Structures are given as C-alpha cells and as structure tokens.
Amino acid sequence: MYWQKLSKTTIQQKVFDELQKNIDFITEPVLGLPGSSVDQEQFHNPSSLKEDAFLSVLINNPNHIGCHTHKNGERYFPGTKQIEIDLIKICAEEIFGAEESDYDGYVTPGGTEGNIQAQWMYRNYFMQNEKAKPEEIGVIFSEDTHYSVYKASNLLNIHPITVKVNHDDRKILLEDLKKKLEEAQGNGIRYLIVHLSMGTTMFGSIDSPEPLLEVIKQYFKHYFVHVDAAFGGFVYPFSQEKIDLSFKNTEISSIAIDGHKILRSPFGTGVFLCRKSLIEHVQTPEASYVYGSDFTLCGSRSGANAVYMWMTLMTYGSHGWTELIRQLIARTDYLCKELDEIGVKYYRHSDMNIVAIDHHAIPEDLAKKYYLVADNYSNPQWWKIVVITHVTDDMIKDFLLELKTSKSVN
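1 is the number of the first residue of the sequence shown in UniProt numbering; add one for each residue after it.
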C-alpha cells in the first residue's frame, strides 16, 4: 500500500488546474444544463473564497453524475472528474488490493447508499443472469450490522436474514447461521447476498469471511459477498497488515466506505467499489440524455465531496495516514488498559478504535455528559466511545477520573 504525500501548495494547484478544465457557468454560454454554479449571493466576498481550492470547487458546483471508472460520463466537468477517478484508484488498488483497472466505483453520499447499491446490483444480477425472482433472493448478516441493510432489503423486496452473535466477542454464531440458512432454503431462498462488516457501528467488530463462507457453501451455490467498511475502511487496513475483507480475497465482490467518519470529509461522502463488470447490472438505459449513462442510485452528486476526500488522502499520504491510525489505536489501547484496571466490562476489537462499555458499568448521566452513543435509547445495553482525532488524551483522562469516582461512590 502506497500513495504519495503532497504539499498543501501542490494539492491546491492540482485542484485549481483540474478546475480550469471544467465548464464555467459564469463565462460560457451554457443553455442546456439544469444546474449552475452555487448562488453567489450567499457569499459576502466570493472572490476571496476563490483563493481556496476546495471552496472554489464548491462554488463551481460540478455534477459528477455517472460512474467514471466505467464510462467517460458527462463532458462538462472532466477536471474534477479525473480527481474522483484518482481517488477511486487509491481506495480500490492501494487500500483494498484490487488489480489495476479491475474495478468500478464512485463517490456516494455515504455508506448507506453503498450498501443499497451493492444489494441492488446483486439482486439485478440474479434476476438477469439466473432468472431469479425477488422473493428467491436473501441477504444474510449479523445482528450487529448497520440498519441500512434493512432499508435495502425493504426497498428491493428481498428477504433479510439476521444471524445472532456471541454476546462477549460479537462473532457470528455458526450454529445460528446454519439454522437460518436451513430456514431460508425452506422459505424458497435460492440466491444469497452475504453482507459482512469491517467495523460494526456499535462495536467496531469485524466479520471473518472464511468460517462463514465455509458454512454458507454447504447450503448455497449462488452468492455474492459485500463488505460494509463504512467505519473500518479507513482504519482496519492501516492497523492490521493482513486483512481478508479486501479484493485480494476472491470471494469479496464489493466494498462500501464512508468518507465522513474517520476521514472527516463533509457529511454526505462515501465510496462504493466493486469488481469490474458487476456495475453494469444497475445501468439505467432510460438515462439516455446522460453522457455515458448512469449506474448509481443517487444520480446527480457533488464533485466537491470527491475532491475533498482526495485532498485529505494526499495531505497525509499512505505513511502519514497509517501513523495517524496507529496513534488512535494507541490512545484506544490506553483507554482499555485503564478500564481493565478499574474492572469495567467492555467490548473492543484490538485493531479498532471503538469501545462499547456495558451499561451496568457506567452511570447514564456520565454517558450522556460525554456524548456516548447507546445501542438502544429505549433500553441501553451498551454505551459507545469512538476514539477519533478530536478525542485527546486529556479528554480520556477526565472521563476515566469521573468513571472511577462514580464507581467508588456506588
């Protein structure tokens, strides 16, 4: 894994150079497009904002509709579109081990769309290639999986199959997996979408594909594997050298990542990646007025988000980002060491920066003071800490001191 770190000046100049290749709504006779640059009445001094590369892209308001790794796409914004292609290349090849150009992808509004896009793509594949009916298609996942999997199955009219996990280590229970697979077969399910997680929302737990697929293959011949790496995609590949939830594993066909979590891009930013040719199954031929057609769920989307993600990755480079993640993991290690010393029960995957504390071990008012997130606000069983860049050592120490005090009082 490697990509070069660039200086701020180089990054800014690259963005400005590519922006010059985009259409300019102010200076060119644009009559046919149903869009424009952002309303400059909302800026007190737009000329000064144009000194900043990202804000200049935001004002230019490029529409990145389509999938630019598959087709050329719209001809109006070739500059920023190329930055998106470069971003997808880093994510697919350098982070997730895809072979050069053997993938497609685009910048999404976030992990939810990436997960829906995957189920949509596989559902259509089964319907088009295997003549499957929607009611014959199931999506199987652990009970810790992000709720977007339920959105997708509801929208696509396919069958959701939830598998129980072990309470202590959050691993999928293989006996329950077998039970659910047998029930699925009995209910007429013949085709399966396997939805695995690289960092579940509440626990940061990571599914191991090998033992799960060993069982699944005993029941189903037709299946695809999707990885929800919304949180873990910019953490786990940098904290663990060998990962089996990447394109180096031939079983993995698609991956969804969030840019607005650990990478801190503006909200509404993610990446969807899949192996080459699969995305053709979600082409919308009726989008005949779109150059290169459309293969995405959202359609029109801001090119500024793609540029921001690219700028962030270039600011750090692969070595710099790896070091940042190592610092966060070390900070999480310290938190867990202190929790162990005071006898607090928690779950944490050793290569992730999420710690879920048992609700018995922490007063609810303390959890709320530090903005911890509950697994279920009507009946909390766990409270989650996410050790992200704004979480300092002092903040952790203050929390631990109050937690120790509360335990001594009780």
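C-beta atoms are modelled at their ideal positions from N, C-alpha and C, and glycine is treated no differently.
The model shown is predicted, which means the values in this text are computed figures rather than measured ones.
Note the first and the last residue of the continuous beta strand (DSSP E) segment covering residue i.
i, result
"residue 443", "Since the first residue of the chain shown is 1 and the last is 410, residue 443 is not available in this structure."
"Asp-294", "Element bounds for Asp-294: n/a, residue is neither H nor E."
"Thr-108", "103-108"
Who does residue i pair with in a DSSP beta bridge?
i, result
"His-222", "Tyr-191"
"Met-198", "Ile-206"
"Lys-384", "Ala-356 and Val-373"
"Ile-137", "Tyr-191"
"Ser-142", "Val-163"
With H, G and I counted as helix, E and B as strand and the rest as coil, what does DSSP make of residue i?
i, result
"Asn-305", "helix"
"Asp-340", "helix"
"Trp-3", "coil"
"Lys-345", "coil"
"His-390", "coil"
"Arg-331", "helix"
"Ala-132", "coil"
"Ser-406", "helix"
"Ser-378", "coil"
"residue 420", "Given that the chain is displayed from residue 1 to residue 410, the structure contains no residue 420 and the question cannot be resolved."
"Pro-363", "coil"
"Gly-299", "coil"
"Ser-318", "helix"
"Asp-398", "helix"
"Lys-368", "helix"
Identify which residue in the options has its Cα closest to the Cα of residue i.
i, options, result
"Ser-302", "Ser-318, Thr-269, Trp-321 and Leu-19", "Thr-269"
"His-167", "Ser-406, Ile-385, Lys-345 and Thr-10", "Lys-345"
"Ser-153", "Lys-71, Lys-164, Glu-135 and Val-165", "Glu-135"
"Cys-336", "Arg-326, Trp-321, Gln-327 and Ile-354", "Ile-354"
"His-226", "Ile-116, Ile-88 and Val-307", "Ile-116"
"Glu-183", "Ala-256, Thr-296 and Ile-216", "Ile-216"
"Thr-9", "Ser-56, Asp-52 and Val-387", "Asp-52"
"Lys-180", "Asp-169, Val-194 and Gly-199", "Val-194"
"Gly-114", "Ile-65, Asn-129 and Val-271", "Val-271"
"residue 441", "Arg-170, Ser-208 and Ala-132", "With the chain running from 1 to 410 in the structure shown, residue 441 is simply not present."
"Leu-173", "Ile-158, Ser-208, Thr-322 and His-146", "Ser-208"
"Gly-232", "Lys-242, Lys-261 and Glu-214", "Lys-261"
"His-64", "Leu-55, Gly-110, Pro-78 and Phe-203", "Pro-78"
"Tyr-106", "Arg-264, Gly-199 and Asn-305", "Asn-305"
"Ile-252", "Ala-118, Asn-22, Leu-33 and Phe-126", "Ala-118"
"Glu-364", "Asp-351, Lys-384, Leu-328 and Lys-221", "Lys-384"
"His-109", "Glu-280, Pro-266, Thr-312 and Asp-358", "In the sequence as displayed, the identity of residue 109 is Pro instead of His. Closest option to Pro-109, Cα to Cα, is Pro-266."
"Arg-348", "Glu-100, Ile-83, Phe-96 and Ser-205", "Ser-205"
"Asp-86", "Val-15, Phe-126 and Gly-138", "Val-15"
"Ile-388", "Thr-112, Glu-341, Phe-247 and Ile-329", "Ile-329"
"Asp-144", "Leu-366, Met-198 and Val-290", "Met-198"
"residue 416", "Ser-350, Arg-123, Asp-340 and Tyr-377", "Past the boundaries of the shown model lies residue 416; the chain is included only from 1 to 410, so the question cannot be answered."
Just reading off the alpha helix (DSSP H) that residue i is part of, what are its end residues?
i, result
"residue 411", "Not covered by the structure: residue 411. The range shown for the chain is 1 to 410."
"Phe-96", "Here Phe-96 belongs to no alpha helix (DSSP H), and DSSP marks it neither H nor E."
"Ile-65", "Careful: Ile-65 lies outside any alpha helix (DSSP H) and carries neither H nor E."
"Ala-118", "111-129"
"Lys-151", "148-156"
Exercise for review: Could you pull out every unbroken beta strand (DSSP E) segment of at least 3 residues lying fully inside the stretch 158-195, listed in chain order?
Suggested key: If we require 3 residues or more, the beta strand (DSSP E) runs fully inside the stretch 158-195 come out as 159-163.
Practice item. For the stretch 4-63, list the beta strand (DSSP E) runs that are entirely contained and at least 3 residues long, ordered along the chain. Key: Entirely contained in the stretch 4-63, not one beta strand (DSSP E) run reaches 3 residues.
Practice item. For the stretch 226-289, list the beta strand (DSSP E) runs that are entirely contained and at least 3 residues long, ordered along the chain. Key: Runs of the beta strand (DSSP E) lying entirely within the stretch 226-289 and spanning at least 3 residues, in chain order: 252-258 and 270-275.
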